[in-house]
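For reference, the structure is listed below as structure tokens.
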């Protein structure tokens, strides 16, 4: 998925179609025409889009589909916040991609399984990591930024402060308290990158992996 204005959605696909959530409402756009509806249940959303509910695109740790007829209880205020959070995240990640001398830089993606914008950066055999912006999860009550290393890290470095995954995190409260949240977020990500690509970063070539941890929760 991608960040879209006021929310999130698919890229344009097929005959110029996009499905998105905008300001808490489900929108289907075909060419220049768009229609929207209230978000109620998975069944109703699928019917509005013109598909059947299914799990063909599930990731390895996606939650079960559950009762497709149950009310989703979508909160418009939560939708507004997610739109703002994803917009901020996308801007930071796109700037991170321009880090001088960065190699093998991926494009930001909004992973449906965890619902966190993230990208991968760094050579696989010398410090690759996933850099992402989580809206919160079972281990974190609030949003946070994370650097999830693909290999070993030096836990003596206080940067690698996470107890729930192999990496470091910056909590939402600290981000909000910063004089310039954008600069703080970018600085956090680049600090992680510098540690991983330098000999002192704690990266072990023997522990490198070609398997991508799409989010810290999978580590």
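In this note's numbering, the protein residues as written are 1465 to 1683. Where a beta carbon is used, it is the ideal one built from N, C-alpha and C, also for glycine. Source: prediction; values computed, not measured.
Note that the C-beta distance between residue 1532 and residue 1503 is not below 7 Å.
Comparing alpha carbon positions, the residue from 1555, 1548, 1594 and 1580 closest to residue 1570 is 1594. For residue 1529, there is no enclosing alpha helix (DSSP H), as DSSP marks it with neither H nor E. Under the 10 Å beta carbon count, residue 1612 is surrounded by 16 or more other beta carbons and is classified as buried.
In the structure shown, residue 1567 falls within a coil segment according to DSSP collapsed to helix, strand and coil.
Put simply, the backbone Cα of residue 1642 is about 7 Å away from that of residue 1648.
Short of 7 Å from the beta carbon of residue 1645, and not among the five residues preceding or following it, lie these beta carbons of its own chain, in chain order: 1639. In the three-state reduction of the DSSP assignment, residue 1505 falls in the coil class. Three or more Cβ pairs closer than 8 Å define a contact, and the region 1537 to 1546 falls short of that threshold against the region 1625 to 1637. Secondary structure at residue 1577: coil, using DSSP grouped into helix, strand and coil.
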